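Numbering (the numbering used here), first residue to last: 55 to 801. Below: the structure, in C-alpha cells.
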Ligand code: ADP
Ligand code: MG
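Written out as C-alpha cells, the structure reads:
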C-alpha cells in the first residue's frame with residue numbers, strides 16, 4: 055500500500071537567545087514570538103512602522119529546548135523515514151543564528167544535543183523495539199564548498215565527487231562512500247570522523263563552515279512481510295542539511311577570480327531560492343534544479359518525493375533586522391512548496407536485498423559443500439576400512455548443523471588411524487612411513503576444509519550482524535515505559551499543533567469579511583463591530599502596502615546589483631574579445647570553436663580531443679612547417695635563425711653553452727736521464743742470447759734489432775742516447791765478433 059498525497063514543506067522558525075555580547079554592546083531584541091499561534095513579529099527600530107508579522111507551522115523562541123523541536127517537529131519526520139519515506143531537514147539562516155546548534159548541537163550534553171544525534175537514538179531504539187523486521191542502516195557525509203562535492207568519510211580529502219543521474223535512481227553522488235552502522239556509537243563515530251575531515255580541509259573553520267553546505271545522509275532499509283505474504287523492502291533516506299550562511303556576501307569590488315569565488319559560494323543558496331520561487335509561483339514550467347549542486351542533489355526534497363522540514367534560524371538583535379527579515383520572507387515562501395512523498399518500496403538499489411541474497415548464497419554454498427564432502431568421506435571409509443572398525447551409523451542425510459560434528463569425528467578418526475599405524479608391529483618401517491604420510495596428508499586436507507568453512511561462516515556472521523532486528527528487549531520493562539513516555543510526548547505535541555492550527559484559523563476568519571453581512575440588534579452595535587473590523591483591516595492593508603513597498607525596494611536593489619554584476623561581466627567579456635580578435639589568428643579561433651562543447655554536468659566548456667573531431671589521421675600528421683623542428687617555424691624565422699645574431703629567432707637553446715672541457719691534470723712522460731754507459735750495459739744485458747750469432751749477417755741483426763726495439767718500446771721506453779752506436783761486425787769468423795764487454799761486468 056503506497057501512500058501518495060501531496061503535502062507542504064513544513065517550515066518552522068527558531069530564534070536564538072540574545073547573546074551577552076549583543077547586550078553589552080547595547081543592542082535590543084526586535085523579534086517577538088508567539089509559539090501558541092505560530093507567529094513571529096519583527097519590528098524595525100529606525101522608523102516606527104507597525105511590526106511585520108509572519109505565520110509558520112511552528113515557531114520556537116529563545117526559551118525553546120532542543121527536545122521541544124525534536125518531539126514536535128522532527129520526530130514525526132524521522133518516523134516517516136523509518137516507514138520508508140524520504141525525509142529532509144534543512145537549517146537555513148544567517149551565520150551565527152544557530153543552524154549548527156539546531157542540527158548538531160552539543161553532542162556530549164543530552165540537553166543540548168541537536169536533531170542529528172537525537173535522530174540516531176530514535177532510529178536505533180525504534181529498531182530495537184521492532185518485531186519480525188530486519189533493518190540495515192548506513193550513513194554518508196558530504197560537503198559542498200564552492201560547487202565542489204567532497205566525501206567527508208574518505209582518507210583522500212582532495213578528491214572531488216561528481217553528481218550523476220540515472221532514470222531509476224535519480225540524482226546521486228558517484229563514488230560516495232557509505233558505512234553500515236549497527237549502533238548509535240558507530241554512527242556517532244562516523245560523524246566525528248566526518249567533522250574532523252571537514253576541519254582538515256579548512257584554513258579558517260568558521261569562515262569555511264559559513265560558506266559550505268554539510269549534508270549527513272542516513273539510509274534506512276527494512277524488510278517486512280507485506281499483505282501478499284511476501285517480503286518487501288522499504289527504503290527511507292534522511293538528508294540532514296546544515297546550509298551555508300544566508301547573509302549576502304559583501305561585494306569585494308574586484309573583477310575576476312575573487313568575484314567568481316564569491317559567486318560560487320552563494321550559487322547554491324541563490325539557486326535554492328530560485329528553485330523555491332519557481333516551485334511556488336506555479337507559473338514556471340522549468341524549475342532550475344540544475345543550476346547548482348545543492349539543488350540537484352536535493353531535488354527530491356523540493357517539490358518531489360520527500361517530506362521536508364525547513365528550520366529558519368534568526369537572530370533577535372536589532373542589527374540583524376535586515377537579514378532576519380530576509381530569512382523570514384524566504385521561509386514564508388518555502389512553506390508553499392508542495393511535495394509528493396511516497397513510500398519507497400522494493401527499489402532496485404536496495405542494499406538489504408543484496409545482503410540477504412549474499413547470505414543465502416553463502417549458506418547454500420556451505421550446505422552443498424558439506425553434503426559432497428560427507429558423501430566422499432563415507433565412500434572412502436567404506437573402501438579403506440582397514441584399521442578401524444567403523445561404528446558410525448550411517449542414517450540417511452544429516453542436517454547442516456551436524457557438519458561441525460562430522461568434521462570433528464573425521465579428525466578423531468584420523469587421529470585413531472595414526473595411532474593404529476604407530477602401534478601396529480606387523481608393518482615394516484617403510485610401509486608404516488608411507489601410511490603415516492598418507493594419514494598426515496588427509497589431516498592437512500581436513501584442516502584446510504575446516505578453515506574454508508570457518509571463513510564462510512564468519513562472513514555470514516558479519517553480514518548477519520549488520521542486519522539489525524529487534525524483538526529482543528520487547529518485554530524489557532524500562533523499554534515499555536520509555537515507549538509510553540514517547541507516545542505521551544507525541545500526543546502532547548499533536549495537541550499543541552492542533553491548538554495552533556485552530557488559533558491560526560480563527561485569526562484568518564477575523565480578517566475575512568464574513569461577519570459584515572451579519573445582522574445586528576442595534577445600529578450602535580453594528581457601528582462598533584464594523585469600526586473595529588475596519589480598523590483591523592486598515593492595519594492589515596497598511597502592513598500589506600508596507601510589505602509591497604519593501605519588496606519593491608528590495609527587488610530594485612537586487613536588480614541594480616544584478617545589473618552591476620552584468621556590467622562587470624560584460625566588461626570582462628569585451629576584454630577577452632579584444633584579445634581574441636587581435637592576437638589569435640581567425641583560423642585557430644574557428645578551429646577551437648568547432649571543437650568546444652558545454653558540459654552540463656561540470657558546468658564548463660570542454661575541448662573535444664582532436665582524434666574525435668577529424669579522425670586519427672589528423673593526429674598523426676605533423677604540420678608541414680614543423681618538419682624537423684619541435685614546433686612550427688615560419689620561413690622567415692628559419693632564415694633569420696640561419697643568419698644568426700638575433701636571439702629572437704632562436705627557437706630553442708637561446709643560451710649557447712659551449713662544452714666545458716676539463717683542464718689537463720697529467721704531464722707528458724719524461725724519461726729519466728741515465729748515464730751513457732749504464733744505458734749501454736742495460737741494453738747489452740737485455741739483448742738475448744740468440745742475438746749473439748757468429749754467422750750473423752747484418753740483415754739478421756737489422757731485423758732482430760727492429761723486433762727488439764719494438765719489445766723494448768713496450769717494456770722500457772727510453773730513448774737511446776745519440777752517442778751510442780751499435781757494434782759493427784765487419785769480419786765474420788774472428789773473435790772481434792764478440793763485443794767488448796758482455797753482461798753487466800765489463801771484461
Ligand atoms: P550557525 O551554525 O548558524 O553559524 P551556530 O549554531 O554556530 O550558528 O550558533 C552560534 C552560537 O550561538 C553558538 O555558540 C551556539 O551555541 C549559540 N546558539 C545558537 N542557537 C542557540 C540556542 N537556541 N540556544 C543557545 N545557544 C544557541
Ligand atoms: Mg554553522
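Using N, Cα and C, we set each Cβ at its ideal position, and we do this for glycine too. The model shown is predicted, which means the values in this text are computed figures rather than measured ones.
Can residue i be considered in contact with the ligand ADP, in the sense that its beta carbon sits closer than 6 angstroms to one or more heavy atoms?
i           : result
residue 155 : yes
residue 149 : yes
residue 369 : no
residue 252 : no
residue 152 : yes
residue 83  : no
residue 70  : yes
So is the beta-carbon of residue i under 6 angstroms away from any non-hydrogen atom of the ligand MG?
i           : result
residue 519 : no
residue 232 : no
For residue i, name the three-state secondary structure that DSSP assigns.
i           : result
residue 145 : strand
residue 245 : helix
residue 658 : strand
residue 254 : helix
residue 37  : Outside the modelled stretch of the chain, which goes from 55 to 801, sits residue 37, for which no answer is possible.
residue 514 : helix
residue 771 : Bear in mind that the predicted position of residue 771 carries a pLDDT of just 44, short of 50, making it too unreliable to give a figure here.
residue 224 : strand
residue 73  : coil
residue 802 : This structure gives no information on residue 802, because the portion of the chain shown stretches from 55 to 801.
residue 364 : strand
residue 765 : Caution is warranted here: a pLDDT of 45 is assigned to residue 765, below 50, making its placement in the model unreliable, and no coordinate value can be reported.
residue 753 : Confidence in residue 753 is poor, its pLDDT being 45 and thus under 50, which makes the residue's placement unreliable; the coordinate value appears in the next sentence. Correct three-state label for residue 753: helix.
residue 348 : helix
residue 444 : Low local confidence applies: a pLDDT of 39 at residue 444 is under 50, so the model's placement there is unreliable, with the coordinate-based value given in what follows. Coil at residue 444, not helix or strand.
residue 288 : strand
residue 537 : helix
residue 371 : strand
residue 560 : helix
residue 523 : strand
residue 478 : coil
Locate the beta strand (DSSP E) running through residue i, then write down its first and last residues.
i           : result
residue 637 : Counting along the chain, residue 637 falls outside any beta strand (DSSP E), though it belongs to the alpha helix (DSSP H) covering 577-637.
residue 68  : 64-69
residue 113 : 112-114
residue 400 : Where residue 400 is concerned, there is no enclosing beta strand (DSSP E), given that its DSSP letter is neither H nor E.
residue 279 : 267-279
residue 107 : 106-109
residue 93  : 93-96
residue 282 : Taken as a continuous stretch (DSSP letters only), residue 282 belongs to no beta strand (DSSP E), as it is neither H nor E.
residue 354 : Counting along the chain, residue 354 falls outside any beta strand (DSSP E), and DSSP gives it neither H nor E.
Keeping to the same chain, check which residues put their C-beta closer than 6 angstroms to that of residue i; ignore five residues upstream and five downstream.
i           : result
residue 128 : 169
residue 345 : 325
residue 278 : 187
residue 295 : 144, 269
residue 173 : 132
residue 740 : none
residue 547 : 125, 126
residue 583 : none
Terminal residues of the continuous alpha helix (DSSP H) containing residue i?
i           : result
residue 641 : 640-649
residue 735 : 730-740
residue 376 : 375-388
residue 696 : 689-697
residue 713 : Segment: none, residue 713 is in no alpha helix (DSSP H) and carries neither H nor E.
residue 123 : 120-123
Cutting at 7 angstroms between CB atoms, please list the residues of its own chain near residue i, excluding the five before and the five after it.
i           : result
residue 63  : 362, 364, 388, 389, 391, 393
residue 92  : 109, 110, 111, 112, 113, 554, 558
residue 98  : 375
residue 403 : 223
residue 651 : 660, 662
residue 643 : 634
Less than 6 angstroms between the CB of residue i and some heavy atom of the ligand COA, yes or no?
i           : result
residue 265 : Of the ligands one can find in the structure shown, namely the ligand ADP and the ligand MG, none is the ligand COA.
Looking only at its chain, what residues have a beta carbon closer than 8 angstroms to the beta carbon of residue i, apart from the 5 residues adjacent to it on each side?
i           : result
residue 226 : 217, 218, 219, 220
residue 321 : 201, 345, 346
residue 704 : 695
residue 154 : 145, 168, 263, 296
TODO: Let me know the beta strand (DSSP E) ranges lying completely inside the stretch 125-206, each 3 residues or longer, listed in chain order.
DONE: With a minimum length of 3 residues, the continuous beta strand (DSSP E) runs that stay inside the stretch 125-206 are 141-147, 188-199, 202-205.
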